[in-house]
DNA sequence: TTGTAAGCGTTATCAA
DNA sequence: TTGATAACGCTTACAA
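Protein chains in written order, with our numbering: chain C, 251 to 620; chain D, 251 to 620.
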C-alpha cells in the first residue's frame with residue numbers, strides 16, 4: 251500500500267480538528283463544540299475557531315464522526331435487480347425519482363448511496379457496514395428473498411416505494427395504481443370502447459402491474475355489458491411494446507384500445523402500430539401510465555395516467571427525514587399518491603360500425619366502404 | 251439523542267470483530283487477517299473464524315475500516331447543476347451512464363455516492379470528508395468555479411466526463427462529439443441539403459455542444475457551395491425542442507434539415523413539426539445525437555449519432571478502478587469514444603425544387619402546384 | 001502462526 | 001466556559 255507522499259517524503263496528512271485546536275490554543279472538545287454549534291463556548295473563542303477553520307481549509311472527517319456517532323448521514327437507495335438489469339438502465343423513471351429524493355435529503359445534509367442488489371440476495375451488507383441512516387427500496391416484491399431480509403430490519407427506517415407488501419408491516423410510498431388504471435379504463439369505456447387489451451410487464455402477485463390489472467378489471471366489471479378482460483403480459487420496455495403491437499394485430503384484431511401499464515410500453519406500441527399502418531387513435535386508442543416527460547412529446551402525444559415521479563422522490567425524502575429524526579409513528583406509514591388522467595391525442599372513440607377497420611390488414615378493404 | 255434500546259434497556263450493539271475474536275478465542279488481529287485473506291493464519295483457525303462470522307451474522311464495519319485505511323471504497327458521482335436543476339431530471343442520459351458505472355465498480359466492491367453540486371461551488375467537501383477513493387464529474391465547463399476546484403485535487407483520481415477542459419491537465423472521457431456532428435452534417439449534405447440548422451443547448455465555450463458546433467461547421471465548410479451555418483441556441487429539453495420547431499418555421503422557413511445536439515431536443519422538434527403540419531422527413535429532415543433508447547421508437551424513428559452511453563459509464567468505471575489501483579499513468583488519460591451514424595426515418599433528401607413546400611404555411615398553396 | 005498495543009479523527013462524559 | 005480522557009471498530013507495526 252503506497253502512502254501518498256509529498257516531495258519531502260513526509261506523509262501527506264489532512265488538517266484535523268486537533269490541528270485547529272492546537273493552532274487556536276483550545277481543546278479539541280471546544281473546537282468540536284463550536285463546529286456543532288453547541289453554544290457553550292464564548293463568542294471570542296468561536297470566532298477564532300471559525301477563522302482557523304477557514305484559514306486552514308479544514309473539512310471535518312465525516313468518517314470519524316460516523317464511527318463515533320453511528321450516524322452516517324447517508325441514505326441508501328436500493329434497486330432490486332434480476333440478473334441482467336432488465337428495465338433498469340432504460341427506465342427514465344428511476345432517474346426522475348432519485349433526483350427528487352437526492353434534492354430533498356441533500357437540503358438536510360444527507361447523501362445518497364446507490365446500490366443495485368440481486369433480488370435473491372439474503373442480506374444487504376451495505377446497510378450495517380456503512381451505518382446507513384435510512385434506506386429506500388424501489389420496486390420490491392414479497393416473493394424476493396431480498397425483500398424479506400430488508401423488512402426485518404428494525405434498527406433504521408426503511409421505505410418501500412412502488413411495492414405492495416400486504417403481509418409486511420413496513421413503510422410504503424406508492425401511487426394509487428389500482429385507481430389510476432381504473433381511471434384509464436373507465437375513460438376508454440366512456441368513449442365507447444368495449445374490446446380493451448391490458449398490456450403489462452410481468453404480473454407478479456402484489457406487483458405494481460398487478461394492482462393496475464385489478465383497476466382495469468374493476469372498471470370493466472362495472473360496465474354493464476359483458477366486457478371480457480384481455481391480458482397481454484410482456485416486459486416493461488420500448489421494444490417489448492413494439493413487438494406486442496405487432497402480435498396484437500394478429501391475436502386480437504378486433505381490439506379498439508390498449509391500456510398499457512407504463513408509458514415506455516405505450517410508446518413502444520405507438521411505434522409498433524405505426525410500423526403496421528394501424529392509425530392511432532383512429533383505429534386503436536392507447537393509454538399509458540406514468541406521464542414521463544416524453545409522453546407529451548410523442549406523435550401522437552400520449553393519453554396517460556399522470557403521476558408526479560420527482561414529487562414521489564421528494565415525498566419519500568421528506569418521510570425519510572422525518573423517520574430518521576425519530577418523529578416517525580410507532581407503526582408503519584403508508585402514503586398513496588393520487589394519479590390523474592391526462593387526455594392527449596392517442597385516445598378517441600372507437601371506429602363506428604360503418605367505418606370500422608379491423609387492425610388486421612386482410613379484410614381492410616372490405617371495411618373501408620362507407 | 252435517543253439511543254436505540256432493546257426491551258431490557260441495554261444499548262443495542264452490533265457484533266464487532268472483537269466479539270468474533272473473543273468467541274473463537276483468538277486475537278482481533280487474527281480475525282482481521284482471516285477476513286482480509288492475508289493468509290498468515292492456520293487453516294484451522296480460519297475455518298473457525300469463518301464459522302463464527304456466519305453464526306453471528308458479523309458484518310465488518312466499513313466506516314471504521316475507512317477511518318483506519320483512508321480508503322472508503324466509495325466513488326463520488328458529481329453532477330454540476332445550475333440553480334434549479336435544468337436538464338438534470340429529464341435527461342435519460344444520466345441514468346444509463348450512472349447505471350453502467352455503478353455496475354462496473356460494484357464488481358470491484360465499490361459503491362456510488364451521488365451528489366449534485368452547484369456549478370458555482372468553491373469546494374466539494376464530500377470528497378475529503380468522506381474519504382472518497384475516486385470522483386467522476388459529468389458535464390463540466392472550464393468556466394465553472396467548481397471545475398477549477400476539482401481540477402486542483404491531486405490526492406485521488408478524478409475523471410471528467412463529457413467535459414472539454416483544454417487548459418487543464420485532467421483525466422477525461424468523452425465521445426468524439428465534433429466527429430459525430432460532422433458525420434451527421436455530412437450525411438445531410440450528401441442527401442443534398444444545403445440549408446441546415448444547428449439546434450443546440452447553451453453553447454458554452456469548450457462545451458459538448460460547442461464541439462458539436464465545430465463538427466457541423468467543418469462539414470459545411472468542406473462543401474464547395476457556400477453553405478452558411480445557422481445556429482439556434484436553446485435549452486436541452488423536449489419542450490425547448492418543440493418550441494424551437496415552431497420558431498424555426500417562421501425564422502428559417504427555407505430550412506430543409508435540422509442537426510440537433512441531443513435526441514431529447516430532436517424528439518421535441520419532431521413533435522413541434524408535427525403540431526405545425528410539417529412532415530418529417532418529407533419537408534424537413536431531423537438528425538439527433540446520443541441514440542437514447544427511445545430514438546428508435548419515435549414516429550418517425552430518429553436518424554441520430556449513436557453513442558454507447560452505458561458503455562461510457564463502464565469505460566469510466568474501468569478507468570477509475572485502474573487509477574485507484576495506482577496503475578494510472580503519471581499524466582492524465584484521455585479516452586474519446588467513437589460515435590457513429592444510425593440512419594432511420596427522420597432524414598431524406600430535401601424536397602426538390604418542383605415539389606418544394608416551404609415550412610411556413612403562408613405561401614404553401616403556391617408551392618404545392620406541380 | 002498468533003498476539004499486543006497504538007492510532008485513525010471525531011464526540012461523549014465527566015470534571016474543573 | 002473549557003478541558004482531559006476514553007471510547008467508536010478497525011488495521012498494522014512490531015513482538016513473540
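Yeah, the Cβ is synthetic: ideal placement off N, Cα and C, and Gly gets one too.
These numbers were taken from a predicted model, which means no experiment stands behind them.
In this model, residue 426 of chain C and residue 435 of chain D are separated by some 47 Å (Cα to Cα).
Listed in chain order, the positions of the region 511 to 534 of chain C with a beta carbon within less than 8 Å of a beta carbon of chain D are 517, 518, 520, 521, 524.
In the three-state scheme derived from DSSP, where H, G and I count as helix and E and B as strand, residue 349 of chain C is classed as helix. Residue contact check for residue 322 of chain C against chain D: a CB pair falls below 8 Å. If you look at residue 515 of chain C, you'll find it in the alpha helix (DSSP H) that goes 513 to 526. Assignment of residue 591 of chain D by DSSP, reduced to helix, strand and coil, places it in the strand class.
Counting the other Cβ atoms within 10 Å of the Cβ of residue 301 of chain C gives fewer than 16, which makes it exposed.
The C-beta of residue 481 of chain C has fewer than 16 other C-beta atoms within 10 Å across all chains shown, which makes the residue exposed. DSSP places residue 365 of chain D in the uninterrupted beta strand (DSSP E) bounded by 361 to 368. Residue 497 of chain D is outside the set of residues whose beta carbon lies under 8 Å from a beta carbon in chain C.
Contact between residue 499 of chain C and residue 526 of chain C holds, since their C-beta atoms are separated by about 6 Å, short of 8 Å.
Using a Cβ distance threshold of 8 Å, residue 600 of chain D and residue 507 of chain D count as a contacting pair. For residue 459 of chain D, the uninterrupted alpha helix (DSSP H) run begins and ends at 458 to 472, by DSSP. Here residue 362 of chain C is near residue 352 of chain C, since their CB atoms are less than 8 Å apart. With respect to chain D, the C-beta atom of residue 601 of chain C has no partner C-beta closer than 8 Å. Around the CB of residue 588 of chain D, fewer than 16 other CB atoms lie within 10 Å, so the residue is classed as exposed.
Residue 483 of chain C has C/450 as its beta-bridge partners, per DSSP. Contact between the region 311 to 328 of chain C and the region 530 to 538 of chain C is not established, with fewer than three Cβ pairs separated by less than 8 Å. Between residue 492 of chain C and residue 522 of chain C, the C-beta spacing is below 8 Å. At a Cβ-Cβ threshold of 8 Å, residue 571 of chain D and residue 355 of chain D count as neighbours.
The C-beta of residue 330 of chain C has 16 or more other C-beta atoms within 10 Å across all chains shown, which makes the residue buried. Only buried fits residue 486 of chain C, as 16 or more other CB atoms lie within 10 angstroms of its CB.
Along the length of the region 305 to 338 of chain D, whole beta strand (DSSP E) runs at least 3 residues long occupy 324 to 331, reported in chain order. Counting along the chain, the unbroken beta strand (DSSP E) around residue 510 of chain D starts and ends at 507 to 510.
Contact residues of the region 298 to 313 of chain D toward chain C are 307, 309, 310, 311, 312, 313 (C-beta to C-beta distance below 9 Å).
DSSP places residue 535 of chain C in the strand class (E or B) of the three-state scheme. Rounded to the nearest angstrom, the gap between the Cα atoms of residue 397 of chain D and residue 584 of chain D is 17 Å. Straight through space, the alpha carbons of residue 479 of chain D and residue 467 of chain D are spaced by roughly 6 Å. Residue nearest to residue 539 of chain C within the set C/349, C/375, C/510 is C/510 (criterion: CA-CA distance). Note on geometry: alpha-carbon atoms of residue 447 of chain D and residue 561 of chain D lie some 30 Å from one another. The C-beta of residue 342 of chain D comes closer than 8 Å to at least one C-beta of chain C. Scanning its chain for C-beta atoms nearer than 7 Å, with the 5 sequence neighbours on each side dropped, one finds around residue 574 of chain D the residues 383, 384, 407, in chain order.
Within the region 341 to 366 of chain C, those residues whose Cβ lies closer than 8 Å to any Cβ of chain D are, in chain order, 341, 342, 344, 345, 346, 348, 349, 350, 352, 353, 356, 361, 362, 363, 364, 365, 366. Between the region 288 to 306 of chain C and the region 371 to 379 of chain D, the count of Cβ pairs shorter than 8 Å is below three; the stretches do not touch.
With 16 or more neighbouring CB atoms inside 10 Å of its own CB, residue 564 of chain C falls in the buried class.
Interface annotation, residue 375 of chain C: in contact with chain D, CB-CB separation under 8 Å.
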